[in-house]
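Trainee: Structure in structure tokens, see below.
There are 2 protein chains.
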Amino acid sequence: MTDGLPADVHAGSDLLIGVDVGGTKTLALLVATGGPDGQGPLVVDRELGPSGAGDPSVVDGIASAVRALAARAADRGATVAGVGVGLAGFVDPSGIVRSAPNAPGLVDQDVRTRLRSELGVPVVVDNDANCMAVAAHAVIAPDSRHLVAVTFGTGIGGGLVVDGRLVHGAIGFAGEPGHMVVDPDGPLCPCGQRGCWERYASGAGLAWLARRAAEDGRAPSLAAAVGDPALLRGEHVTALVAEGDPGAGAVFDEYAGWVALGLANLIVLLDPQVVVLGGGLIATAAELLPRVEEHLARRFPAATRFRDVRLVASPGGPEAGALGAALLVAAEIWS
Amino acid sequence: MTDGLPADVHAGSDLLIGVDVGGTKTLALLVATGGPDGQGPLVVDRELGPSGAGDPSVVDGIASAVRALAARAADRGATVAGVGVGLAGFVDPSGIVRSAPNAPGLVDQDVRTRLRSELGVPVVVDNDANCMAVAAHAVIAPDSRHLVAVTFGTGIGGGLVVDGRLVHGAIGFAGEPGHMVVDPDGPLCPCGQRGCWERYASGAGLAWLARRAAEDGRAPSLAAAVGDPALLRGEHVTALVAEGDPGAGAVFDEYAGWVALGLANLIVLLDPQVVVLGGGLIATAAELLPRVEEHLARRFPAATRFRDVRLVASPGGPEAGALGAALLVAAEIWS
């Protein structure tokens, strides 16, 4: 794999490793910042490790993926200057993981200090949507001082760049847009609130909208696709949308309306130049973004009047989180 | 009025002037920053001018109030180092006023440049809720790096302090929480959206909740207070609440629930240490804040779990905006 190292990653180069601890796998990337012509960060090697789900030894898994990459870099005479780790959840300012739905074994652990002492280099641990925001800022919008990143997966995550800097908030929990209440009489969220944005605009929300439409007889093809509407998932909707099914299209448009509503709220609050959409749902960006833009233009004038906000799909696809984690530790070391 | 100058405002002192352009009057304050024992900014003189409502000559009104204060300062041998102006509305980064509901004559004018050339000192023009946020940050929470200020008046305004700095956003329109959509099937807002927070949680929102309760027979004393429910205003509710009227109390509690909902959304997004509530409605802080805190604790766990957010009424009362405007220009001159 070290054949992938470009010519400018010379002996002594300081490389970075970014890790994304996911629900199904852990991805570690070896990253050169800058690149040959200063064209932004370059991924020069990658390593997959086990997921963090339910495994208290996930820190060992992260460390072994990092060591494998570092060893291959060392074979080429390059060294690793730092390690960034991104995960779904929240990390407080002292480095303690406070919540980690994909890696419950990390909760209440000081992952930063443990990895730093195991690996002997600076380590940063942060929320995965924060990492995605950093990657998007570096790769597609380095000139924008205000950027909002939102991940649409099973849940919704968020990362805010304000005046060019990532926002962590008082206790490291800033950027939790999934729990904005957008309908106080809406369905109960596991968080205990009613009508959180995440109930409508996450992958779980898309499935819920599909089930409701199937049960109401509004989407017969969706009902037929699985037999029992209770089994409907977001993928059933997006698959039928790709085939041009009108019932699924209507559900997907309703979903896009909920996505637009939450983005409009973020826009009136934070006045960004760029909104980056990432996460699993954004595989459907070609279908989703035009619908979201149409809802924004038609229904949310307070968010669009005077403004010219760019809506873009996250660059780097599934690697954006790990790439951003590498850039975060680069910023900590070299800023 | 110069008798109010304290001993430490000596000859040559650099004082600042802060102006709040309101719907009913323009208030200008002469402000000494720091004060005798470094106890924060001190208001040493004040001057009232005409309101900006509908008057294209409001810039002249601001300039004459500023000149009156500057002349009285000069009598004591002190000079004015800069002028800050706060107004409801938005100012773009080039200094052009883009919207100003209380002073429509200012729209599309470069108020900063005009005042600077008329007065010969640095001038800053900003949103009034931004000014309130700056004043609150300086006076009650200088150690907090993350603060959200919300003004509850006819409408709702907002000011965000993130990592110790006021947030303006890409085009100067950050912090417009009144137009967060909190109920997509709610009443139409003049902005063109449905169910904006401002429809429920502003003074106009309180009046609307009161009318609805009176029409539904839920608040007979409110209906009786004015004869025609269409005439109900927020003041009718707060007056009856002060008398312990249960129907008005229920309406006010419903109102507090809407206030809490929007604050909860701001908290999950920005993770502040302090939320400052200002504006006309906050004359009722003693009645309102405990109700808002109760709703937050009971209905919005995502906003309260792990966190310890202080809810406080804006310091300085009706002078907070002008005081903050003075501090804003101080920061521009001396930072």
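If you read the sequences in order, they're chains W and A. Under our numbering, the first residue of the first sequence carries the number 213, and numbering increases by one thereafter. Under our numbering, the first residue of the second sequence carries the number 213, and numbering increases by one thereafter. All C-beta atoms, glycine included, are put in the ideal place defined by N, C-alpha and C. It should be emphasised that the depicted structure is a prediction, and the values quoted were computed from it without experimental measurement.
Alpha carbon to alpha carbon, how far is Val270/W from Cys403/W? Give it in angstroms, no decimals.
Mentor: Mapped onto the first sequence, residue 403/W falls at position 191. Mapped onto the first sequence, residue 270/W falls at position 58. Looking at the two C-alpha atoms, the distance is approximately 25 Å.
Trainee: Pick out whichever of Asp395/A, Glu466/A, Ser276/A and Gly536/A has its Cα sitting closest to the Cα of Leu421/A.
Mentor: Here residue 421/A corresponds to residue number 209 of the second sequence, with the count starting at 1. Cα-wise, what sits closest to Leu421/A is Glu466/A.
Trainee: Check whether the Cβ of Asn477/A lies closer than 8 Å to any Cβ atom in chain W.
Mentor: The count along the second sequence starts at 1 and reaches residue 477/A at position 265. Chain W contact via Cβ: present.
Trainee: Residues of chain A with a CB under 9 Å from the CB of Ile383/W: which are they?
Mentor: For the purposes of this step, residue 383/W is taken as the residue at position 171 of the first sequence. The contacting residues are Asp483, Gln485, Phe518, Arg519 and Asp520.
Trainee: Asn342/W lies in the alpha helix (DSSP H); which residues open and close that run?
Mentor: Within the first sequence, numbered from 1, the residue matching residue 342/W stands at position 130. Element bounds for Asn342/W: Asp340 to Val351.
Trainee: Determine the burial state of Pro458/A: buried for a count of at least 16 other Cβ atoms within 10 Å of its Cβ, exposed for fewer.
Mentor: Stepping through the second sequence from its first residue, residue 458/A is reached at position 246. That one is exposed.
Trainee: Distance check for Gly387/A and Ala514/A, CA to CA, integer angstroms please.
Mentor: Along the second sequence, one-based indexing puts residue 514/A at 302. Along the second sequence, one-based indexing puts residue 387/A at 175. Their backbone Cα atoms lie some 21 Å apart in a straight line.
Trainee: Can you tell me whether Trp470/W is buried or exposed, with buried defined as 16 or more other CB within 10 angstroms of its CB?
Mentor: Along the first sequence, one-based indexing puts residue 470/W at 258. Trp470/W should be labelled buried.
Trainee: How many angstroms separate the CA atom of Gly482/A from the CA atom of Gly536/W?
Mentor: Here the question's residue 482/A lines up with position 270 in the second sequence. Here the question's residue 536/W lines up with position 324 in the first sequence. Looking at the sequence provided, one finds Leu at residue 482/A rather than Gly. Distance between the alpha carbons of Leu482/A and Gly536/W: 21 Å.
Trainee: Kindly give me the distance between the Cβ atoms of Gly491/A and Phe364/A, rounded to whole angstroms, as I take these residues to be in contact under 8 Å.
Mentor: The count along the second sequence starts at 1 and reaches residue 491/A at position 279. The count along the second sequence starts at 1 and reaches residue 364/A at position 152. Confirmed, Cβ separation roughly 4 Å.
Trainee: Starting from the C-beta of His380/A, find all residues in its chain whose C-beta is less than 6 Å away, skip the five residues before and the five after it, and write them out in chain order.
Mentor: Here residue 380/A corresponds to residue number 168 of the second sequence, with the count starting at 1. Hits under 6 Å: Ala386.
Trainee: Indicate the three-state DSSP secondary structure (helix, strand or coil) for Glu259/W in the structure shown.
Mentor: Along the first sequence, read from residue 1 onward, the residue named residue 259/W stands at position 47. Here Glu259/W sits in strand by DSSP.
Trainee: Let me know the secondary structure DSSP gives Ala538/A once reduced to three states.
Mentor: As a working note, residue 538/A is residue 326 in the second sequence. Three-state result, Ala538/A: helix.
Trainee: Assign Thr238/W to one of two classes, buried (16 or more other C-beta atoms within 10 Å of its C-beta) or exposed (fewer than that).
Mentor: By 1-based counting over the first sequence, the position of residue 238/W is 26. Per the 10 Å Cβ criterion, buried.
Trainee: Using 8 Å for Cβ pairs, my map puts Gln485/W next to Arg511/A. What's the rounded Cβ distance?
Mentor: The sequence position of residue 485/W within the first sequence is 273, counting from 1. The sequence position of residue 511/A within the second sequence is 299, counting from 1. Wrong, their Cβ atoms sit about 34 Å apart, outside the cutoff.
Trainee: Give a yes or no on whether the minimum CB-CB distance between Cys403/W and chain A is below 8 Å.
Mentor: Numbered from 1 along the first sequence, position 191 holds the residue referred to as residue 403/W. Judged by the 8 Å Cβ criterion, Cys403/W is in contact with chain A.
Trainee: Using only alpha-carbon positions, find the residue among Arg411/W, Thr496/W, Asp287/W and Ala472/W that is nearest to Val449/W.
Mentor: The residue given as residue 449/W occupies position 237 in the first sequence. Comparing Cα positions, the closest option is Thr496/W.
Trainee: What residues match up with Cys408/W in a beta bridge as DSSP calls it?
Mentor: One-based indexing of the first sequence puts residue 408/W at position 196. DSSP output for Cys408/W lists Val393/W as bridge partner(s).
Trainee: Within the continuous alpha helix (DSSP H) that includes Leu194/A, where are the two ends?
Mentor: Summary: the structure shown does not reach residue 194/A, with chain A confined to residues 213 through 547, and so no result is reported for it.
Trainee: Since Leu418/W meets chain A, which of its residues come closer than 7 Å, beta carbon to beta carbon?
Mentor: The count along the first sequence starts at 1 and reaches residue 418/W at position 206. Correct list: empty, because the minimum Cβ distance to chain A is about 17 Å.
Trainee: Using the Cα positions of Ala315/W and Asp338/W, report the straight-line distance between them to the nearest angstrom.
Mentor: If you number the first sequence from 1, residue 315/W lands on position 103. If you number the first sequence from 1, residue 338/W lands on position 126. Approximately 13 Å between the Cα atoms of the pair.
Trainee: Would you say Glu388/W faces chain C, with C-beta separation under 8 Å as the test?
Mentor: In the displayed structure, chain C is absent; the protein chains listed are W and A.
Trainee: Is the Cβ of Leu299/A closer than 8 Å to any Cβ of chain W?
Mentor: Locating residue 299/A in the second sequence gives position 87, counting from the first residue. No - not a single Cβ of chain W is within 8 Å of the one on Leu299/A.
Trainee: Taking Arg503/W and Ala468/W to be in contact with their CB atoms under 8 Å, please state how far apart those CB atoms are, rounded to whole angstroms.
Mentor: Position 291 of the first sequence, counted from the first residue, corresponds to residue 503/W. Position 256 of the first sequence, counted from the first residue, corresponds to residue 468/W. That pair is a contact at about 4 Å.
Trainee: Can you pull the DSSP bridge partners for Glu400/W?
Mentor: Your numbering for residue 400/W matches position 188 in the first sequence. Here residue 400/W is Leu; the residue named in the question, Glu, does not match the sequence. Paired residues: Arg406/W.
Trainee: How many angstroms separate the CA atom of Ala416/W from the CA atom of Val521/A?
Mentor: Taking the first sequence and counting its residues from 1, the one referred to as residue 416/W is at position 204. Taking the second sequence and counting its residues from 1, the one referred to as residue 521/A is at position 309. Their backbone Cα atoms lie some 30 Å apart in a straight line.
Trainee: Under three-state DSSP, which class holds Ile274/W?
Mentor: Numbered from its first residue, the first sequence carries residue 274/W at position 62. If DSSP states are grouped into helix, strand and coil, Ile274/W belongs with the helices.
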